[in-house]
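Position one of the sequence shown corresponds to residue 316 (our numbering), numbered consecutively onward. Read the structure below first, then the notes.
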Amino acid sequence: MALDSEVIYRLRQQIIDSWHDHDGGTPVEAARHYGEEARLIPAFDNSGAIEGQESIHAWFEFQRQKFGPESRWDFQHRVTGFHFQLSGDIVHCRQRLLTTGQKKTDHGELRTFFVPGSSLDVWQKKQQAWQIISREIQVDFAAYAEPQTFLPLNYPGHG
């Protein structure tokens with residue numbers, strides 16, 4: 316298999332879809348992107364490696380309960396760049412991420428958060444569909460600010 320432009324286009328879209336489901340989908344929708352023997356390593360929360368699609372599904376269930384809509388919202392991973400490397404029928408992909416959202420602190424204060432980081436993924440095509448074999452989510456740092464929405468970029472002369 317070659318990483319031609321069509322393969323890259325389709326894989327990029329599936330990666331973006333996987334993050335969309337990771338952030339706002341049901342646990343079933345989030346876990347469906349992972350292979351049966353997949354491994355998820357959320358390096359940001361000290362939960363260690365989560366092995367197997369069923370355990371990954373349970374992790375998403377726990378995350379949905381821990382961070383319900385009353386305590387965190389507008390949560391999303393924004394993919395800001397891709398780097399692909401082909402190794403046989405497996406594709407390694409590093410994505411740069413900017414995770415954003417708002418949440419309430421333990422004291423009830425509303426805070427906006429910005430968390431740059433990356434994801435190191437291994438994808439494999441099985442039965443005409445790409446599946447995550449491994450995903451390691453890494454965080455560079457977390458920044459918190461007063462509640463605000465993202466303002467559009469202000470370019471000179473436009474605003």
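Ideal Cβ positions, reconstructed from N, Cα and C, are used throughout, including at glycine. Here the structure is a predicted model, which is why all the values come from computation and not from measurement.
The alpha-carbon of ARG411 is positioned some 16 Å away from that of HIS337. Counted as a single uninterrupted DSSP element, the beta strand (DSSP E) harbouring ARG426 occupies residues 425-441. Runs of the alpha helix (DSSP H) spanning 4 or more residues and lying entirely within the segment 317-400 occur at 320-339, 342-346, 368-381, in chain order.
In this structure, GLY432 sits near ASP455, with a CB-CB distance shorter than 8 Å. PHE359 is the residue among GLY340, LYS441, PHE359, GLN378 whose C-alpha sits nearest the C-alpha of SER434. For THR420, there is no enclosing beta strand (DSSP E), since its DSSP letter is neither H nor E. Under the criterion of beta carbons closer than 8 Å, LYS418 and PHE428 qualify as touching, at roughly 7 Å. Between TYR324 and ILE447 a beta carbon distance of about 18 Å is seen, past the 8 Å cut, so the two are scored as non-contacting. Here ALA457 carries a coil assignment [DSSP, helix/strand/coil].
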